[in-house]
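Asks:
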Amino acid sequence: MNNNTSFWDNWALEDLAFLFDQGLDFESSEKLIIDKNKNSYYFEKIESAIIQFESLFSLVNDLILRKNIFYDQKFSEGWKLDKNLKELDKDILVPVDIQTFNENVSVARKKAIDLLCVTDRMKEHQNENETEYKISKRSPHSYFGQVVWGAAGNLGRSAFLGAHYMPHPVRASLLNQASFFSRPLDINSKITDWIREERIKIFTNLTPAGKQETLELHLPALVSEVVEQCERLEDLIPAVLQKRKSILM
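Each residue of the sequence shown is one higher than the last, beginning at 450 in the numbering used here.
(1) What is the C-beta distance between L564 and A621, in whole angstroms, given that I count them as a contact (C-beta under 8 Å)?
(2) Rounded to a whole number of angstroms, what is the C-alpha to C-alpha distance between D464 and A600?
(3) Where does Q501 land, buried or exposed, given buried means 16+ other C-beta within 10 angstroms?
(4) Tell me the start and end of each unbroken beta strand (DSSP E) in the stretch 580–624 that is at least 3 residues and wholly inside, in chain order.
(5) Span of the alpha helix (DSSP H) holding S555?
(6) Have a look at F469, L481 and D569 and flag the residue whose alpha-carbon is nearest the alpha-carbon of K487.
(7) Tell me the DSSP secondary structure of S494 in three-state form.
(8) If we count the other Cβ atoms within 10 Å of its Cβ and call it buried at 16 or more, is L468 buried or exposed?
(9) Helix or strand or just coil, what does DSSP make of F629?
(10) Under 8 Å, with one C-beta from each stretch per pair, do the stretch 578–591 and the stretch 550–559 reach the 3-pair mark?
(11) As an exercise, report each continuous alpha helix (DSSP H) stretch of at least 4 residues that is fully enclosed by the stretch 450–482, in chain order.
(12) Under the rule that 16 or more other beta-carbon atoms within 10 Å means buried, what is F475, buried or exposed?
(13) Could you pull the start and end residues of the alpha helix (DSSP H) that R533 belongs to?
(14) Between the C-alpha atoms of S607 and V567, what's the straight-line distance to the nearest angstrom?
(15) Which residues does DSSP pair with L542 in a beta bridge?
(16) Tell me which residue opens and which closes the alpha helix (DSSP H) that S695 is part of.
(17) Check N488 in the structure and name its three-state DSSP category.
(18) Tell me which same chain residues have a C-beta within less than 7 Å of the C-beta of A670, skipping the five on either side of it?
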């Protein structure tokens, strides 16, 4: 497998489909925070708009620099109808069908779970999820499972493909806290890490009209160059593809 490929979270693509179709999501989401002092974890609110922008700029980066972006077609119903992403489908966005219980995937997923569940509380909730899912196909700690178990599953799939895993920002936060990535990163991944570190900062101001949310964007030059060409969100994908073409020529 060409190592200049990535395997994307369908969850991130779903957030992008929402952004393209309905605009910014002004609701709050939650990210998992590992609490090593209390041997536990908790959830902390994060603005959904930040997640959308992180995913968008990571996609811009990967569309320009990656040869292909893989995704698991079994879990793609949430975004496949979006016209902006659909035009990339099967060309740059390549569907793959990796069996959940493929032996190599299962081994990698189990190792990932062991590394991600760094506190006793996390291990307890993961075990409860696995036990109950075998019985009822339900998880008592559903959002925890979406973050942790979902990340582990996609790490297993990306390892099977030999592609760089591009996680949803909430899962990326977990991976960073767990110090999961110890392998050398390629230049494309370094740019994505820069986006996450210098990324979008939300500032809350008190104005005469009440509370106002403003965004400050810090972007690497490559992404910024493309974004500056666009007057509307609808212009972004065509501009990205044009930039990709100029680089590949």
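Note that beta-carbon positions come from the ideal geometry of N, C-alpha and C, so glycine has one too. A quick note: this is a predicted structure, and the numbers were derived from the prediction, not measured.
Replies: Reading off the structure:
(1) Stepping through the sequence shown from its first residue, residue 564 is reached at position 115. Stepping through the sequence shown from its first residue, residue 621 is reached at position 172. Not a contact, Cβ separation roughly 15 Å.
(2) Counted from its first residue, the sequence shown places residue 464 at position 15. Counted from its first residue, the sequence shown places residue 600 at position 151. If you take the alpha carbons of D464 and A600, they lie about 16 Å apart.
(3) The count along the sequence shown starts at 1 and reaches residue 501 at position 52. Its Cβ being crowded by 16 or more others within 10 Å, Q501 is buried.
(4) 613–615
(5) Looking up residue 555 in the sequence shown gives position 106. Taken as a continuous stretch (DSSP letters only), the alpha helix (DSSP H) holding S555 covers E552 to L565.
(6) Position 38 of the sequence shown, counted from the start, is the residue given in the question as residue 487. If we check each option's Cα against that of K487, D569 comes out closest.
(7) Reading the sequence shown from its first residue, position 45 is the one you call residue 494. Inspection of the sequence shows that residue 494 is occupied by Lys rather than by Ser. Here K494 sits in strand by DSSP.
(8) Counted from its first residue, the sequence shown places residue 468 at position 19. When all chains shown are included, L468 counts as buried.
(9) Stepping through the sequence shown from its first residue, residue 629 is reached at position 180. DSSP places F629 in coil when its eight states are reduced to three.
(10) no
(11) 459–471
(12) What you label residue 475 is simply residue 26 of the sequence shown in a count that begins at 1. Exposed: under 16 other Cβ atoms inside 10 Å.
(13) Numbered from 1 along the sequence shown, position 84 holds the residue referred to as residue 533. For clarity, residue 533 is Asn in the given sequence; the question names Arg instead. Its alpha helix (DSSP H) spans residues K532 to K535.
(14) Residue numbering aside, residue 607 sits at position 158 when the sequence shown is read from its first letter. Residue numbering aside, residue 567 sits at position 118 when the sequence shown is read from its first letter. For S607 and V567, the distance between alpha carbons rounds to 22 Å.
(15) On the sequence shown, position 93 is the one that residue 542 refers to. Bridge partners of L542: I518 and D538.
(16) Within the sequence shown, the letter at position 246 stands for residue 695. Its alpha helix (DSSP H) spans residues L685 to L697.
(17) Residue mapping note: residue 488 aligns to position 39 of the sequence shown, counting from 1. It is coil, neither helix nor strand.
(18) In the sequence shown, residue 670 corresponds to position 221, counting from 1. So no residue of the chain qualifies.
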